[in-house]
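Participant:
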Amino acid sequence: SQQGEEDPQALSIQEGENATMNCSYKTSINNLQWYRQNSGRGLVHLILIRSNEREKHSGRLRVTLDTSKKSSSLLITASRAADTASYFCATANNYGGATNKLIFGTGTLLAVQP
Amino acid sequence: DTAVSQTPKYLVTQMGNDKSIKCEQNLGHDTMYWYKQDSKKFLKIMFSYNNKELIINETVPNRFSPKSPDKAHLNLHINSLELGDSAVYFCASSQAAQAYGYTFGSGTRLTVV
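The listed protein sequences correspond, in order, to chains A and B. Here this note's numbering is used: the first sequence runs in plain steps of one and ends on residue 183. Here this note's numbering is used: the second sequence runs in plain steps of one and ends on residue 789.
1. Please list the partners that residue 110/A has in chain B, where partner means a Cβ-to-Cβ separation under 7 Å.
2. How is residue 761/B classed by DSSP in three states: helix, strand or coil?
3. Quick check on residue 12/A: does DSSP put it in helix, strand or coil?
4. Are any of the Cβ atoms in chain A nearer than 7 Å to that of residue 760/B?
5. Can you tell me whether residue 737/B is buried or exposed? The criterion is at least 16 other CB atoms within 10 Å of its CB, across all chains shown.
6. Could you check if residue 111/A is buried or exposed, using at least 16 other CB atoms within 10 Å of its CB as the buried criterion?
7. According to the neighbour-count rule (16 or more other Cβ atoms, all chains shown, within 10 Å of its Cβ), is residue 742/B buried or exposed?
8. Buried or exposed for residue 75/A, please, with buried defined as at least 16 other CB atoms from any protein chain shown within 10 angstroms of its CB.
9. Within a Cβ cutoff of 7 Å, which residues of the same chain sit near residue 727/B, ignoring the five residues on either side of it in sequence?
10. Residue 176/A to residue 785/B, Cα distance in whole Å?
11. In chain order, what residues of the same chain have a beta carbon less than 6 Å from the beta carbon of residue 126/A, not counting five sequence neighbours either side?
12. Assign residue 742/B to one of three DSSP states: helix, strand, or coil.
13. What is the DSSP secondary structure of residue 780/B, counted as helix, strand or coil?
14. Among 142/A, 138/A, 119/A, 120/A, which one has its Cα closest to the Cα of residue 130/A?
15. Using Cβ-Cβ distances below 7 Å, what residues of the segment 681-710 of chain B are close to chain A?
16. Please classify residue 726/B: does DSSP put it in a helix, a strand, or coil?
17. For residue 753/B, report the span of its beta strand (DSSP E) as first-last.
18. Under DSSP, the beta strand (DSSP E) around residue 97/A begins and ends at which residues?
19. Could you check whether residue 88/A and residue 155/A sit closer than 7 Å to each other, using their CB atoms as the reference points?
20. Could you check if residue 767/B belongs to the surroundings of the ligand COA, using beta carbon to heavy atom distance under 6 Å?
21. Please state the DSSP three-state secondary structure of residue 146/A.
22. Buried or exposed: where does residue 96/A fall if 16 or more other Cβ atoms within 10 Å of its Cβ makes it buried?
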């Protein structure tokens with residue numbers, strides 16, 4: 070079963086607005102990652118937040134992590150039409166030794182209208 | 677270009693056939709993965725290899741057999757293809773000992789008719 074549930078499943082906004090996507094997960098994690106997938110393409114790693122971190126920024130992206138609630142959010146500020154894509158959260162758990170097993174959420178489809 | 681490259685990009689085949697998908701990474705990563713993405717975009721891990729050793733096998737049917745000749749390559753062979761195998765298969769790699777993200781290939785869209 071999927072580790073993460075994302076909310077909303079789909080989001081449509083106007084260019085320039087902010088987009089917020091939420092992710093909830095079930096088990097303890099080493100880190101949580103966000104990925105973007107453009108239609109018909111592979112996934113691109115956006116940002117990683119460790120379990121002992123609460124907030125992280127990268128350009129127009131802001132990620133928060135609340136391990137007590139087992140939830141994370143991704144905020145994209147000043148959105149652009151090029152941000153239109155599916156966004157996935159993924160949780161990394163130990164799988165023996167140093168290996169992290171990455172389990173993906175259900176994804177949020179973001180449409181940014183020009 | 678440094679990347680994860682997988683071939684072919686598209687694969688259309690009949691039920692019962694055997695097919696292979698190849699994956700290569702030139703990033704120097706020690707761990708490689710195969711993921712399956714279904715029509716609802718759910719991504720599910722299938723296999724993971726670390727330095728040519730199988731470390732994750734997620735209850736995938738025996739018809740699927742990964743092979744890693746060296747740590748830069750992880751191929752996926754599928755026997756007796758079924759309609760339900762139709763999906764997009766993604767190869768990925770990472771440096772397992774460090775908490776970095778995965779680098780994904782562009783995917784292989786498999787259609788079984």
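A virtual CB, placed ideally from N, CA and C, is assigned to each residue, including glycine.
Facilitator: The structure says:
1. By 1-based counting over the first sequence, the position of residue 110/A is 41. Contact of residue 110/A with chain B by beta-carbon distance below 7 Å involves 782.
2. The residue you call residue 761/B lines up with position 85 of the second sequence. Three-state DSSP puts residue 761/B in a helix.
3. Residue coverage of chain A in this structure runs from 70 to 183, which leaves residue 12/A outside it and unanswerable.
4. Against the second sequence, residue 760/B aligns to sequence position 84. Look at residue 760/B: its C-beta is not under 7 Å from any C-beta on chain A.
5. Here residue 737/B refers to the residue found at position 61 of the second sequence. Residue 737/B is classed as exposed because its beta carbon has fewer than 16 other beta carbons within 10 Å across all chains shown.
6. Taking the first sequence and counting its residues from 1, one reaches residue 111/A at position 42. Here residue 111/A is buried. Its C-beta has 16 or more other C-beta atoms within 10 Å.
7. To locate residue 742/B, count along the second sequence from 1; it is residue 66. Flag for residue 742/B reads buried.
8. Mapped onto the first sequence, residue 75/A falls at position 6. With 16 or more other Cβ atoms within 10 Å, it is buried.
9. Within the second sequence, numbered from 1, the residue matching residue 727/B stands at position 51. Counting only residues of its own chain and dropping the five nearest sequence neighbours on each side, residue 727/B has a CB closer than 7 Å to the CB of 706, 747.
10. Walking along the first sequence from the start, residue 176/A turns up at place 107. Walking along the second sequence from the start, residue 785/B turns up at place 109. Their Cα atoms are separated by approximately 19 Å.
11. Your numbering for residue 126/A matches position 57 in the first sequence. Here the set comprises nothing.
12. Translated into the one-based positions of the second sequence, residue 742/B becomes position 66. Shown here, residue 742/B sits in a strand according to DSSP, grouped into three states.
13. As a working mapping, residue 780/B is identified with position 104 in the second sequence. Residue 780/B: strand per DSSP, three-state reduction.
14. Locating residue 130/A in the first sequence gives position 61, where the first residue counts as 1. Cα-wise, what sits closest to residue 130/A is 142/A.
15. The segment 681-710 of chain B vs chain A, Cβ under 7 Å: 707.
16. By 1-based counting over the second sequence, the position of residue 726/B is 50. The three-state secondary structure of residue 726/B, taken from DSSP, is strand.
17. Position 77 of the second sequence, counted from the start, is the residue given in the question as residue 753/B. According to the DSSP assignment, residue 753/B belongs to the beta strand (DSSP E) that extends over 749-754.
18. Looking up residue 97/A in the first sequence gives position 28. Element bounds for residue 97/A: n/a, residue is neither H nor E.
19. Numbered from its first residue, the first sequence carries residue 155/A at position 86. Numbered from its first residue, the first sequence carries residue 88/A at position 19. Going by C-beta atoms, residue 155/A is not nearer than 7 Å to residue 88/A.
20. Summarising the ligand content, the structure contains no ligands, and the ligand COA is consequently not present.
21. Taking the first sequence and counting its residues from 1, the one referred to as residue 146/A is at position 77. Three-state result, residue 146/A: coil.
22. Along the first sequence, one-based indexing puts residue 96/A at 27. Exposed: under 16 other Cβ atoms inside 10 Å.
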